[in-house]
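Protein sequences appear in the order of chains A and B. Going by my numbering, the first sequence opens with residue 3, and the numbers climb by one from there. Going by my numbering, the second sequence opens with residue 3, and the numbers climb by one from there. Notes for the one structure printed next.
2 protein chains.
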Amino acid sequence: MGVTINDVAALAGVSRATAARVLAGYGYVSEEARQKVYEAARQLGYRPHSIAQSMVTGRTKTIGLVVGDIENPFFAKMARGVSDTIIHEGYNLIVCSTNENPIDERSAIDGLCRKKVDGLIIAPASRREHSHIDELIEHKFPVVLVDRVLDVAGVDMIAVTNVEGAFDAVKHLLERGYREIAFLSDSFEISSNVERFEGYKRALAEKGLPIREDYIRTGSYTVEAGYREAVSLLSGTVRPEAVFAANNFMTIGVLRAAKDMHIAIPGQLALVGFDEMDWLELVSPTITAIAQPVYELGQVAAQRLLRRIAGDMTRPEVIRLSTRLIPRESSGVNPVRTEEEIDEVR
Amino acid sequence: MGVTINDVAALAGVSRATAARVLAGYGYVSEEARQKVYEAARQLGYRPHSIAQSMVTGRTKTIGLVVGDIENPFFAKMARGVSDTIIHEGYNLIVCSTNENPIDERSAIDGLCRKKVDGLIIAPASRREHSHIDELIEHKFPVVLVDRVLDVAGVDMIAVTNVEGAFDAVKHLLERGYREIAFLSDSFEISSNVERFEGYKRALAEKGLPIREDYIRTGSYTVEAGYREAVSLLSGTVRPEAVFAANNFMTIGVLRAAKDMHIAIPGQLALVGFDEMDWLELVSPTITAIAQPVYELGQVAAQRLLRRIAGDMTRPEVIRLSTRLIPRESSGVNPVRTEEEIDEVR
């Protein structure tokens, strides 16, 4: 903005308090002074109306979205779902990236709350360090958690059916004749990864198969981290027959590693990824995925938050949106097993 | 926020004007009333300090980013570049999607400016309808244009070398033996598409090749629009030998169309896309692209805007960041031409 109330007051030849009263629209000010202030504000291009407004109504008509990494297409699509929903109600969207770090998350939330939002949609970076989120909830600040859940009461949480989705992915691999199935995700600090790991374990347990520790790999949230873990996994003494990649960037990491290491998919390694991407059906082989309703996650979270901001005091809910298996070529039938062996696993 | 100044005033048992004066930190109020207001604000969780602050300083410590579609990975990555840059200066980012529509753009800008930003980074949706941007510039509101330029003075513009990048793409196809080269972009309302078309024309003109109107296809900014144009283009009586897709979503549109129509790339159709994507080297064939420094676009635009907000009055500049050709398999040598024919085009 640049132009301050002080500038307006100086040009109008009135006190700062008078200029502030005129511009905020309350208190008594003489008609003459009022005209001078308006004229000065117009000349200087001073545009504080909504700020002044928000002092009176307590509303900023802005919603904050706090996510791990806005560059991740998952969060970008979710942001679009939020944005499309709130724009019709005259709201703007502030977006903060936390680098999946609870300290950055705390400072983003402190900054946004102290300042300029009517409510927050948060994908919590850590299921352990979230006292800054608990505080918001205690203070009845409108908050909705999205994509991830926390072990706290009193807040709406919108997530997908992570356990079931991961179970479907691994069960699909088992049915195609794979037994040695690895799990690759980013950090277990993130609740969705823990839930997807739970689904992975359940699917193996159902078939009486053991969990091999060297097949469980977790790292950081970047493609590069996924790549490094995948290279390490695929260089082990016993290479798995299949990988379940628990998110989009991990899927890319596995694909890059397999390419660089000349490991054929699905001939030498099967792959199922959690999260659908634009290009998974363009790759050769096409990549089997668990599709999530990403746009809808944003939409439902935004609708719920708007209701909370409007004063809805009904009991908070945990809403789970369904995932869906899209079978493609990367999980083709295991070529190294006989029909009988496959039937046995089935 | 929910809690208003009225609520605080009511609980404190003072007038609204008194509560507002206390919370905004100006004007005389008795110590007793001040204590009552603070106590009421604390009990109610009222947090207007920064809003009050911004009335006094005229600063909101927020920057607005106005782009066509936040869901597009190009803009998501640019947003990340902006966000990472401004966060160190204590700024937050508001993001608005305009659907590449100047009317939505105008209302986004009106909303953001009247309200809550110290400056704006805009990727203008239209090179013709931009009076709302001109107005900002006339009023000396801090603005930086990004990705796209306008025919106006007095504003910094950060874009890539679109003409040169497109020239490189088409020249590369010519050198690989292709002559019948089509151009696919979204709307010519967007300056970068016009510039890329200019580069396309120059490369053909340099070889004395004609511009075929039925090879020039423009549509809307979505993958679906790119797909429809590509299907139409590839179903024509004379199918081009190659396509230059002028952005990431057009590239996806061509890939989908070729796949659905069983047209082999590069055997039956060569492809070069403007804009690098994560997965272009994972596809088979890998896809030749013109890489743009997307993150840096956001970074440079943000740095420039922060300088303008800080009062830098130096002459505005147009900064062009360089693009780079990444040759891959999708533009392999044309199999239907003899060496001599290829040399002739070279």
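Just so it is clear, CB atoms sit at the ideal spot from N, CA and C, and this is done for glycine as well.
From residue 343 of chain A to residue 225 of chain A, what does the alpha carbon distance come to, in whole angstroms? Translated into positions along the first sequence, residue 343 of chain A becomes position 341. Translated into positions along the first sequence, residue 225 of chain A becomes position 223. So the alpha carbons of these two residues sit roughly 35 Å apart.
May I have a chain-ordered list of the beta strand (DSSP E) segments no shorter than 3 residues that lie completely inside the region 266-312 of chain A? You should have 272-276, 290-293.
Can at least three beta-carbon pairs, one atom from the region 76-85 of chain B and one from the region 21-41 of chain B, be found at a separation below 8 Å? The answer is no - the region 21-41 of chain B does not touch the region 76-85 of chain B, with fewer than three Cβ pairs under 8 Å.
Is it true that the CB of residue 327 of chain A sits closer than 8 Å to the CB of residue 252 of chain A? Start at 1 with the first residue of the first sequence, and residue 252 of chain A comes out as number 250. Start at 1 with the first residue of the first sequence, and residue 327 of chain A comes out as number 325. Against a cut-off of 8 Å, the Cβ pair of residue 327 of chain A and residue 252 of chain A comes out as no contact.
Identify whether residue 179 of chain A lies in helix, strand or coil by the three-state DSSP scheme. As a first step, residue 179 of chain A is located in the first sequence; it is residue number 177 there, counting from the start. DSSP places residue 179 of chain A outside both helix and strand once states are collapsed to three, so it counts as coil.
Exposed or buried, what is residue 279 of chain B when buried is set at 16 or more other beta-carbons lying within 10 Å of its beta-carbon? Mapped onto the second sequence, residue 279 of chain B falls at position 277. Counting the other Cβ atoms within 10 Å of the Cβ of residue 279 of chain B gives 16 or more, which makes it buried.
Tell me, to the nearest whole angstrom, how far the beta carbon of residue 282 of chain B is from that of residue 291 of chain B; I am working on the premise that it is less than 8 Å. Taking the first residue of the second sequence as position 1, residue 282 of chain B is located at position 280. Taking the first residue of the second sequence as position 1, residue 291 of chain B is located at position 289. About 5 Å; that satisfies the 8 Å criterion.
Give me the residue from B/240, B/135, B/270 with the minimum Cα distance to residue 153 of chain B. Here residue 153 of chain B refers to the residue found at position 151 when the second sequence is read from its first residue. Of the listed residues, the one whose Cα sits closest to residue 153 of chain B is B/135.
Compare the C-beta of residue 97 of chain A against all C-beta atoms of chain B and say whether one is closer than 8 Å. For this step, residue 97 of chain A is matched to residue 95 along the first sequence. Output row for residue 97 of chain A: interface = yes.
Can you name, in chain order, every residue of its own chain whose Cβ lies under 8 Å from the Cβ of residue 13 of chain A, other than the five neighbours on each side? Indexing the first sequence from 1 puts residue 13 of chain A at position 11. Cβ neighbours of residue 13 of chain A beyond the five flanking positions: 42, 45, 46.
I'd like to know whether the C-beta atoms of residue 325 of chain A and residue 303 of chain A end up nearer to each other than 8 Å. If you number the first sequence from 1, residue 325 of chain A lands on position 323. If you number the first sequence from 1, residue 303 of chain A lands on position 301. No, the pair does not count as a contact, with Cβ atoms beyond the cut-off.
Grouping DSSP H, G and I as helix and E and B as strand, with all else coil, what is residue 80 of chain A? Working through the first sequence from its first residue, we reach residue 80 of chain A at position 78. Residue state, collapsed to three classes: helix.
List the residues of chain B whose Cβ lies closer than 8 Å to the Cβ of residue 82 of chain A, in chain order. Numbered from 1 along the first sequence, position 80 holds the residue referred to as residue 82 of chain A. Per Cβ cutoff of 8 Å: 71, 72, 73, 99.
Could you confirm whether any beta carbon from chain B is found closer than 8 Å to the beta carbon of residue 113 of chain A? Position 111 of the first sequence, counted from the start, is the residue given in the question as residue 113 of chain A. Residue 113 of chain A counts as touching chain B.
If we cut at 8 Å on Cβ distances, does residue 141 of chain B have a partner in chain A? Locating residue 141 of chain B in the second sequence gives position 139, where the first residue counts as 1. It does: the Cβ of residue 141 of chain B has a partner Cβ on chain A nearer than 8 Å.
Quick one: is residue 277 of chain A near chain B, going by C-beta distance under 8 Å? Residue numbering aside, residue 277 of chain A sits at position 275 when the first sequence is read from its first letter. By the rule that beta-carbons nearer than 8 Å mark a contact, residue 277 of chain A does not touch chain B.
Determine the contact status of residue 190 of chain B and residue 220 of chain B, defining contact as a CB-CB distance below 8 Å. Residue 190 of chain B sits at position 188 when you count from the first residue of the second sequence. Residue 220 of chain B sits at position 218 when you count from the first residue of the second sequence. Against a cut-off of 8 Å, the Cβ pair of residue 220 of chain B and residue 190 of chain B comes out as a contact.
8 Å Cβ cut-off: residues of chain B touching residue 254 of chain A: Here residue 254 of chain A refers to the residue found at position 252 when the first sequence is read from its first residue. Within chain B, the residues near residue 254 of chain A are 280, 281, 284.
Return the CA-CA distance between residue 133 of chain A and residue 320 of chain A, expressed in angstroms with no decimal places. Looking up residue 133 of chain A in the first sequence gives position 131. Looking up residue 320 of chain A in the first sequence gives position 318. Cα-Cα distance, rounded: 19 Å.
With three or more beta-carbon pairs closer than 8 Å as the criterion, would you say the region 199-215 of chain B touches the region 230-239 of chain B? Judged by pairs of C-beta atoms under 8 Å, the region 199-215 of chain B does not touch the region 230-239 of chain B, as fewer than three such pairs exist.
Among A/244, A/217, A/243, which has the Cα closest to the Cα of residue 231 of chain A? For the purposes of this step, residue 231 of chain A is taken as the residue at position 229 of the first sequence. With respect to the C-alpha of residue 231 of chain A, the residue from A/244, A/217, A/243 having the closest C-alpha is A/217.
Look at the alpha carbon of residue 140 of chain A and the alpha carbon of residue 310 of chain A, and state the distance between them as a whole number of angstroms. Mapped onto the first sequence, residue 140 of chain A falls at position 138. Mapped onto the first sequence, residue 310 of chain A falls at position 308. Cα to Cα, the separation comes out at about 14 Å.
Helix, strand or coil for residue 158 of chain A? Go by DSSP, reduced to three states. Translated into positions along the first sequence, residue 158 of chain A becomes position 156. Correct three-state label for residue 158 of chain A: strand.
Between which two residues does the alpha helix (DSSP H) harbouring residue 255 of chain A extend? In the first sequence, residue 255 of chain A corresponds to position 253, counting from 1. For residue 255 of chain A, the enclosing alpha helix (DSSP H) stretches over residues 250-262.
With a threshold of 8 Å between beta carbons, is residue 94 of chain A in contact with chain B? One-based indexing of the first sequence puts residue 94 of chain A at position 92. Look at residue 94 of chain A: its C-beta is under 8 Å from a C-beta on chain B.
Taking residue 306 of chain B as the reference, which of B/88, B/71, B/20, B/92 has the closest Cα? Taking the first residue of the second sequence as 1, we reach residue 306 of chain B at position 304. When each option's Cα is compared against that of residue 306 of chain B, the closest is B/88.
Note down, in chain order, all residues in the region 215-232 of chain A with a beta-carbon under 8 Å from any beta-carbon belonging to chain B. Listed in sequence order: 225.
Cβ of residue 261 of chain B less than 8 Å from any chain A Cβ? For the purposes of this step, residue 261 of chain B is taken as residue 259 along the second sequence, with counting starting at 1. Yes, because at least one Cβ of chain A sits closer than 8 Å to the Cβ of residue 261 of chain B.
As assigned by DSSP and simplified to three states, the class of residue 99 of chain B: On the second sequence, residue 99 of chain B is found 97 positions in, with the first residue counted as 1. Residue 99 of chain B sits in a strand when the DSSP states are folded into three classes.
Identify, in the order they occur along the chain, each residue of the same chain with its Cβ nearer than 7 Å to the Cβ of residue 106 of chain A, setting aside the five sequence neighbours on each side. Mapped onto the first sequence, residue 106 of chain A falls at position 104. Hits under 7 Å: 100.
Which of the three DSSP states, helix, strand or coil, is assigned to residue 184 of chain B? Numbered from 1 along the second sequence, position 182 holds the residue referred to as residue 184 of chain B. In the three-state reduction of the DSSP assignment, residue 184 of chain B falls in the strand class.
Cross-chain neighbours of residue 273 of chain A in chain B, by beta carbon under 7 Å: Here residue 273 of chain A is taken as the residue at index 271 of the first sequence, counted from 1. The contacting residues do not exist; residue 273 of chain A stays about 12 Å from chain B at best.
Can you tell me the Cα-Cα spacing of residue 20 of chain B and residue 20 of chain A, whole angstroms? Locating residue 20 of chain B in the second sequence gives position 18, where the first residue counts as 1. Locating residue 20 of chain A in the first sequence gives position 18, where the first residue counts as 1. Going by the C-alpha atoms only, they are around 14 Å apart.
Quick check on the DSSP output: the beta strand (DSSP E) that includes residue 323 of chain A runs from which residue to which? Your numbering for residue 323 of chain A matches position 321 in the first sequence. Annotation for residue 323 of chain A: the continuous beta strand (DSSP E) segment containing it runs 320-323.
Beta-bridge pairing of residue 244 of chain B - partner residues as DSSP gives them: Within the second sequence, numbered from 1, the residue matching residue 244 of chain B stands at position 242. The beta-bridge partner set that DSSP reports for residue 244 of chain B consists of B/183, B/272.
When the distance is taken between beta carbons, is residue 300 of chain A closer than 8 Å to residue 5 of chain A? As a working mapping, residue 5 of chain A is identified with position 3 in the first sequence. As a working mapping, residue 300 of chain A is identified with position 298 in the first sequence. Remark: C-beta atoms of residue 5 of chain A and residue 300 of chain A do not approach each other more closely than 8 Å.
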